[in-house]
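Input: a single structure, listed below in structure tokens.
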Amino acid sequence: MTKTQNNRAWFLVLPVVVLVAFSAIVPLMTVVNYSVQDIFDIENRVFVGSEWYREILLDDGLQKALLRQLVFSFAILLIEIPLGIAVALAMPSRGRWASLTLVVLALPLLIPWNVVGTIWQIFGRADIGLGGVLVTMLGIDYNYAVNPFDAWATVLVMDVWHWTSLVALLCFSGLRAIPDAYFQAARIDGASNWAVFRHIQLPKLKNVLLIAVLLRFMDSFMIYSEPFVLTGGGPGNSTTFLSQTLARLAVGQFDLGPAAAFSLIYFLIILLFCWLFYTTMMQLGRGPRV
Amino acid sequence: MKARHLLLIGYVIFLMLPLYWLLNMSFKTNEEILGAFTLFPNEFTLDNYRVILTDPSWYMGYVNSIIYVTLNTVISLAVALPAAYAFSRYTFVGDKHLFFWLLTNRMAPPAVFLLPFFQLYSSIGLFDTHIAVALAHCLFNVPLSVWILEGFMSGVPKEIDETAFLDGYSFPRFFLTIFIPLIRSGIGVTAFFCFMFSWVELLLARTLTSVNAKPIAAIMTRTVSASGMDWGVLAAAGALTIVPGALVIWFVRNHLAKGFALGRV
Chain A
1 MTKTQNNRAW FLVLPVVVLV AFSAIVPLMT VVNYSVQDIF DIENRVFVGS
51 EWYREILLDD GLQKALLRQL VFSFAILLIE IPLGIAVALA MPSRGRWASL
101 TLVVLALPLL IPWNVVGTIW QIFGRADIGL GGVLVTMLGI DYNYAVNPFD
151 AWATVLVMDV WHWTSLVALL CFSGLRAIPD AYFQAARIDG ASNWAVFRHI
201 QLPKLKNVLL IAVLLRFMDS FMIYSEPFVL TGGGPGNSTT FLSQTLARLA
251 VGQFDLGPAA AFSLIYFLII LLFCWLFYTT MMQLGRGPRV
Chain B
1 MKARHLLLIG YVIFLMLPLY WLLNMSFKTN EEILGAFTLF PNEFTLDNYR
51 VILTDPSWYM GYVNSIIYVT LNTVISLAVA LPAAYAFSRY TFVGDKHLFF
101 WLLTNRMAPP AVFLLPFFQL YSSIGLFDTH IAVALAHCLF NVPLSVWILE
151 GFMSGVPKEI DETAFLDGYS FPRFFLTIFI PLIRSGIGVT AFFCFMFSWV
201 ELLLARTLTS VNAKPIAAIM TRTVSASGMD WGVLAAAGAL TIVPGALVIW
251 FVRNHLAKGF ALGRV
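As they're listed, the protein sequences go chains A and B. For the record, in the first sequence the residue sitting at position 89 is 89 according to our numbering, with numbers rising by one throughout. For the record, in the second sequence the residue sitting at position 264 is 264 according to our numbering, with numbers rising by one throughout.
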């Protein structure tokens, strides 16, 4: 659609700008302000320049949390994106069963995040939880509260349970938008299922997959409530991710300066990755047309 | 064809099992939960639900959550509608930068804003009010609303606007009586997303409230740690938090697929 050049449109976006400025710029400036000062109380504050940044970047615990976070987020993407596509391909395309599947799939998305943690806490307990009991019956010595590997596996499975539906629903709507004529043409050409997927469905899913990867990456990178309720970051620090480390630093220990420097670095990392994903996926999509 | 169905059925079972377990436990007594492993409640009881629905310190949590979620949805839609119209119809100085800046707020970790929000809302006297949580959730819901609505609005042909203006409609009248009805499914979907992200968020909601506006999710965590582990009541409270979401999904089920693609398919 061709758009008209009209600077009076700024009046229409003004409310959004004011509201978001109030809830983003003011707090962000506060964070920047804190990050360069050592604050004892309101009157006693010293300008320390980049000291907090250096301290945060060199902090061993934080580097480990960042590493855990990256491993977690990439593991999530590797599992949820293919699984989501597969589920979307398997869903009935229209009719009563289609709506029912949609409603069932969307259900985990509407559960408060800490309740998701609670559900899995109950479900995974080796003594009273169905999941825990089933795994133990398979002869595996399973306890997510003691064993770091089990804790990791539980947090991963919980996130797959929670969010794969989002990927599936996005892909489902992408698939529905492909005209039937494409499939008819493919059938006349005798294309295999794989060829149909590779050359018709996957290219058409590019846009929705971009949204899915971005949303999943951002949200998994900010994950807080679910592991907090399920494992409390334990055993040890094995499931402590970045948000929880930050919350501990800011609200638990009230270390304003380091917490603020941490926040800004955290924010920049997310922006960097989203930009990387966005540009690479756009590049891929611009390859030779099929 | 067979393998597909198996995958879907397996996935649905995987989704339903933890939910079934939650429901199952919410109908059991604590003795049964801890004493015996049973697939169905032996002594079916509604006591756990009775505890929640008769105690104001429990059920007010649901009321609080619903109040701030509704406020947030209304505010987000009210400011996002004109802005999305501007983005979908006009180019103006800095429009691309502004759009990207809005989206960066959706990417900001709530944990980053924890402390500044706490201080900001305390200093203007909004701490522990519903409006504080509603405004804080605008941080991620307003950019998302603009994004979704812009997608839906771009699907409406521009000739409709032009014809209406030629017919002598003023902008507000055109917008309210012609344009908004045209994109009502988009508005429904946007409201659904605002509801969803505000309803499930806990970190900010918990930080900005203490008593009067405390969300149900926060009440659950507190009560559980205080009274040892009352598994039955915990499960019942969890089961009740799913109800509003399930109702909302049911209302938008026909627009769900298009909505999840943010109007961009």
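Backbone N, C-alpha and C define an ideal beta-carbon position, used for all residues, glycine too. Note that the coordinates shown come from a computational prediction; the quantities given were computed from them, not determined experimentally.
query, result
"Within 10 Å of its beta-carbon, does Thr38 (chain B) have 16 or more other beta-carbons around it, so buried, or fewer, so exposed?", "exposed"
"What does Pro110 (chain B) reach in chain A if we use C-beta pairs closer than 9 Å?", "Met222, Tyr224, Ser243"
"Compile a chain-ordered list of the residues in the region 136 to 149 of chain B whose CB is closer than 8 Å to at least one CB of chain A.", "Ala136, Cys138, Leu139, Val142, Pro143, Val146"
"In chain B, what lies closer than 8 Å to Phe123 (chain A) by C-beta?", "Leu17, Pro18, Trp21, Leu22"
"Within this structure, are the beta carbons of Ala267 (chain B) and Asn24 (chain B) separated by less than 8 Å?", "Nothing in the structure corresponds to residue 267 (chain B), since chain B is present only between 1 and 265."
"Does any residue of chain A have a CB that is nearer than 8 Å to the CB of Leu102 (chain B)?", "yes"
"Please tell me whether, using a cut-off of 7 Å, the distance from the CB of Asn237 (chain A) to the nearest non-hydrogen atom of the ligand MN is below it.", "Judged by which ligands are present, the structure shown has none, so any question about the ligand MN falls away."
"At least one CB of chain B closer than 8 Å to the CB of Val26 (chain A): is that the case?", "yes"
"Could you tell me whether the Cβ of Lys3 (chain A) comes closer than 8 Å to any Cβ of chain B?", "yes"
"How many Å lie between Gln37 (chain A) and Leu256 (chain A) at the Cα?", "9 Å"
"Figure out for me which residue from B:Pro82, B:Arg184, B:Ser65 has the closest Cα to the Cα of Leu12 (chain A).", "B:Pro82"
"Using the DSSP secondary-structure output, state which residues sit across from Val71 (chain A) in a beta bridge.", "For Val71 (chain A), which the question treats as bridged, DSSP gives no partner whatsoever."
"Could you please give the first and the last residue of the uninterrupted beta strand (DSSP E) stretch that includes Val45 (chain A)?", "Reading off the sequence shown, one finds Arg at residue 45 (chain A), where the question assumed Val. Taken as a continuous stretch (DSSP letters only), the beta strand (DSSP E) holding Arg45 (chain A) covers 45 to 47."
"Consult DSSP for Asp128 (chain B) and reduce its assignment to one of helix, strand or coil.", "coil"
"Cβ closer than 7 Å: which chain B residues qualify as neighbours of Pro108 (chain A)?", "Leu15"
"Given that a residue counts as buried once 16 or more other Cβ atoms are within 10 Å of its Cβ, and exposed if not, what is Leu240 (chain B)?", "buried"
"State yes or no: is the beta carbon of Ala236 (chain B) nearer than 8 Å to at least one beta carbon in chain A?", "no"
"What residues in its chain sit with their C-beta under 8 Å from that of Ala177 (chain A), if we drop five residues either side in the sequence?", "Lys204"
"Excluding the five sequence neighbours on either side, which residues of its own chain have a C-beta within less than 6 Å of the C-beta of Val116 (chain A), listed in chain order?", "His162, Glu226"
"Tell me whether the region 73 to 83 of chain A and the region 155 to 173 of chain B touch, counting them as touching only if at least three CB pairs, one residue from each stretch, are closer than 8 Å.", "no"
"Indicate whether Gly132 (chain A) and Gly124 (chain A) have their beta-carbon atoms separated by less than 8 Å.", "yes"
"Closer than 9 Å by beta-carbon distance: list the chain B residues that pair up with Phe267 (chain A), in chain order.", "Thr104, Met107, Ala108, Pro109, Val112"
"Which chain B residues sit within Cβ distance under 9 Å of Trp113 (chain A)?", "Val200, Glu201, Leu202, Leu203, Ala217"
"Is there at least one Cβ from chain B nearer than 8 Å to Ala9 (chain A)'s Cβ?", "yes"
"Put Thr240 (chain A) into one of helix, strand or coil per three-state DSSP.", "coil"
"His5 (chain B) to Pro92 (chain A), Cα distance in whole Å?", "9 Å"
"So what does DSSP say about Asp38 (chain A), is it helix, strand or coil?", "strand"
"Contact check, Phe117 (chain B) vs Pro27 (chain A) under 8 Å by CB: the rounded distance?", "6 Å"
"Could you tell me the boundaries of the alpha helix (DSSP H) in which Asp95 (chain B) lies?", "95 to 106"
"Pick helix, strand or coil for Thr38 (chain B), following the three-state DSSP scheme.", "coil"
"Classify Tyr169 (chain B) as helix, strand or coil using the three-state DSSP reduction.", "coil"
"Whose CA, out of A:Ile223, A:Arg248, A:Thr280, A:Met281, lies closest to the CA of Val107 (chain B)?", "Residue identity differs from the one stated: residue 107 (chain B) is Met in this sequence, not Val. When only C-alpha atoms are compared, the closest one is A:Ile223."
"Can you find a C-beta in chain B that's less than 8 Å from the C-beta of Met137 (chain A)?", "no"
"Considering only residues of the same chain and omitting the five flanking positions on each side of Ala98 (chain A), which have a CB-CB separation below 6 Å?", "Pro92"
"Measure how close the beta-carbons of Leu62 (chain A) and Thr231 (chain A) come, nearest whole angstrom, since I'm counting them as under 8 Å.", "Not confirmed; about 19 Å, so no contact."
"Measuring only between beta-carbons, confirm whether Ala90 (chain A) sits less than 8 Å from chain B.", "yes"
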